[in-house]
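Numbering (my numbering), first residue to last: 94 to 310. Even glycine gets a Cβ: it sits at the ideal position worked out from N, Cα and C. Source: prediction; values computed, not measured.
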Ligand code: HEM
C-alpha cells in the first residue's frame, strides 16, 4: 500500500481523476447535453464538486492516521487546490454566465441573499489558503502560523454546508448529509486537539497531527 501511495504515477492518476468532473462538463457542453438550463446545471455541478473536494481535503488528516495510510498526506495539497479550482469555476459561472459581469447587481446579491453571503465568505477564505499552499509560503510563515491559517478550511466547510442548506428550497437531505460529514471531521479534529492538550498538560510527548505541505512532497 505504501509503495502504491508513494508512487508518482498514483499522484498523476489522482490528478487526472480530479479533472474528470471538468472533463464531463466540457464533454456535455460539446454535445449540447447541459440540460435545458445549462447555467444552473454548471453552477450545481461545480458547487457540488467544490464541496466534495473541501471534504476530501479535510478527510486526509484523520485517514492518514490509519495503518499504512500515512502517505495519503501527499495528496492533501492537490485536493485542496482542486477545491479552490472548482470554487473558481463555480464563482466564475455565477459572475460571467449568471450575472453577466454586472458588478452592482452582484454586490447587491452578496449583501441581500444570505446563501450568497455565506458562499462568498467560504470562497474568500479559500484564497489565502491557495496562495500560501507552497513550500516558500510555509517557510515565510513558519509551520505553526501556516497550520493556524490553514485551519480556515474548516470555516470554509461550515460556510459551504450552510450555503447549501440555505439555498435548497425543500429537500434538505443532501445538504444535511454533507453537514454530517463536515460535523464528523470537525468532531475528530476537536477530539485530537483535546487529547494533545491533555498530553501537553501531563508533560507527555505530543504527536504533531498535521505535517505542513513541505513534509508532503
Ligand atoms: C467554497 C465555496 C462554495 C461552495 C463549496 C459552494 C457549494 C455549492 C453547492 C454544493 C451548491 C448546490 C449544488 C446542487 O444543488 O447540487 C451551490 C449552489 C450555488 N452556489 Fe455555491 N458554493 C460556494 C461558493 C459560492 C459563491 C462564492 C457563489 C456566488 C457568489 C455561489 C453561488 C451559488 C449559486 C447561485 C448556486 C445555485 C443556487 C440555486 O440553485 O438557486 N456559491 N453551491
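Integer Cβ distance of residue i from residue j, believed to fall under 8 Å
{"i": "residue 211", "j": "residue 259", "result": "7 Å"}
{"i": "residue 95", "j": "residue 170", "result": "In fact, because the Cβ distance is near 19 Å, the residues do not count as touching under 8 Å."}
{"i": "residue 127", "j": "residue 134", "result": "5 Å"}
{"i": "residue 225", "j": "residue 234", "result": "6 Å"}
{"i": "residue 184", "j": "residue 208", "result": "14 Å between Cβ atoms; not a contact."}
Residue interval of the alpha helix (DSSP H) (run including residue i)
{"i": "residue 138", "result": "131 to 156"}
{"i": "residue 171", "result": "169 to 185"}
{"i": "residue 242", "result": "236 to 243"}
{"i": "residue 265", "result": "Residue 265 -> no alpha helix (DSSP H), and no H or E assigned at all."}
{"i": "residue 126", "result": "No alpha helix (DSSP H) contains residue 126, which DSSP labels as neither H nor E."}
{"i": "residue 208", "result": "207 to 224"}
{"i": "residue 101", "result": "101 to 111"}
Under 8 Å between C-beta atoms of residue i and residue j
{"i": "residue 178", "j": "residue 107", "result": "no"}
{"i": "residue 246", "j": "residue 150", "result": "yes"}
{"i": "residue 118", "j": "residue 138", "result": "yes"}
{"i": "residue 148", "j": "residue 250", "result": "yes"}
{"i": "residue 186", "j": "residue 136", "result": "yes"}
{"i": "residue 219", "j": "residue 176", "result": "yes"}
{"i": "residue 261", "j": "residue 268", "result": "yes"}
{"i": "residue 191", "j": "residue 132", "result": "yes"}
Residues near residue i by beta carbon distance below 6 Å, same chain, minus five either side
{"i": "residue 155", "result": "281"}
{"i": "residue 173", "result": "150"}
{"i": "residue 99", "result": "164"}
{"i": "residue 84", "result": "Only positions 94 to 310 of the chain appear in this structure, which leaves residue 84 out of reach."}
Cut-off 7 Å between Cβ atoms - residues of its own chain near residue i, not counting five sequence neighbours on either side
{"i": "residue 291", "result": "none"}
{"i": "residue 152", "result": "278"}
{"i": "residue 243", "result": "222"}
{"i": "residue 157", "result": "163, 165, 166"}
{"i": "residue 197", "result": "none"}
{"i": "residue 265", "result": "258"}
{"i": "residue 97", "result": "103"}
{"i": "residue 140", "result": "183"}
Own chain residues within Cβ distance below 8 Å of residue i, not counting five before or after
{"i": "residue 271", "result": "144, 148, 253, 254, 257"}
{"i": "residue 205", "result": "none"}
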